[in-house]
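Residue numbers for the sequence shown follow my numbering, so the first one is 21 and each next one is one higher. Here a beta-carbon is modelled for each residue, glycine too, at the ideal position from N, C-alpha and C. These notes concern the structure reproduced below.
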Amino acid sequence: ASSAGFSRAREAQNDEARHEKRFAVAYHLLSVSKNYRLRVKSYVDEAEPIIKSVTDIWASADWYEREAFDLMGILFENHTDLRRILTDYGFVGHPLRKDFPMIGEVEMRYDEDLGRVVYEPVSIEPNVNVPRVIRK
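Put into structure tokens, the structure is as follows:
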């Protein structure tokens, strides 16, 4: 470490408040003219995952905030178009949360007889793998 210019370690600051919140929202900012990067991170509660939108400052944050809403369920206050962007509009839940079931809750398929997409409860049965041994 000292060959890289860091001769002494320093104790990290107390981060207890950070661990009380479940979700973190991080914005990575880049200044091309000054060659500077900045990360702004804010934590939100699980019970009320609401944070103010930055789309009025940086319009390019629009789709990133919509993606965070769609996949994680974080609400952005004053966002002009906060709707799902990657999952279907009728999708229930937020698939990147750790408490989201691995197999999902509903299954979506196209029914040719009805000519539309239909939703059905997931019908995955546990599969027991039995090795097949072939000997002569």
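Runs of alpha helix (DSSP H) lying entirely within the region 58 to 121, each at least 4 residues, in chain order: 82 to 92
What residues match up with S51 in a beta bridge as DSSP calls it? Y56
Can you give me the C-alpha to C-alpha distance between M128 and V137, rounded to a whole angstrom? 7 Å
Sequence-distant residues of its chain with Cβ nearer than 7 Å to I105 (five each side left out): W83, R86, E87, D90
Closer than 8 Å by C-beta to D76: which residues in its own chain qualify, once you throw out the five before and the five after it? Chain order, please. N98
In this structure, does DSSP put E132 in helix, strand or coil? coil
Using 8 Å for Cβ pairs, my map puts S62 next to V74. What's the rounded Cβ distance? So it is not a contact: roughly 10 Å between Cβ atoms.
Which residues in the same chain have their Cβ closer than 7 Å to the Cβ of G93, if we skip the five residues on either side of it in sequence? P69, H114, R117
Assigned exposure category for L102 - 16 Cβ within 10 Å defines buried: buried
Assuming R57 and L50 are in contact, meaning their beta carbons sit under 8 Å apart, how far apart are those beta carbons, in whole angstroms? 5 Å
P141 bridges to which residues according to DSSP? V126
If we call anything under 7 Å between Cβ atoms a contact, is G124 one with V112? no
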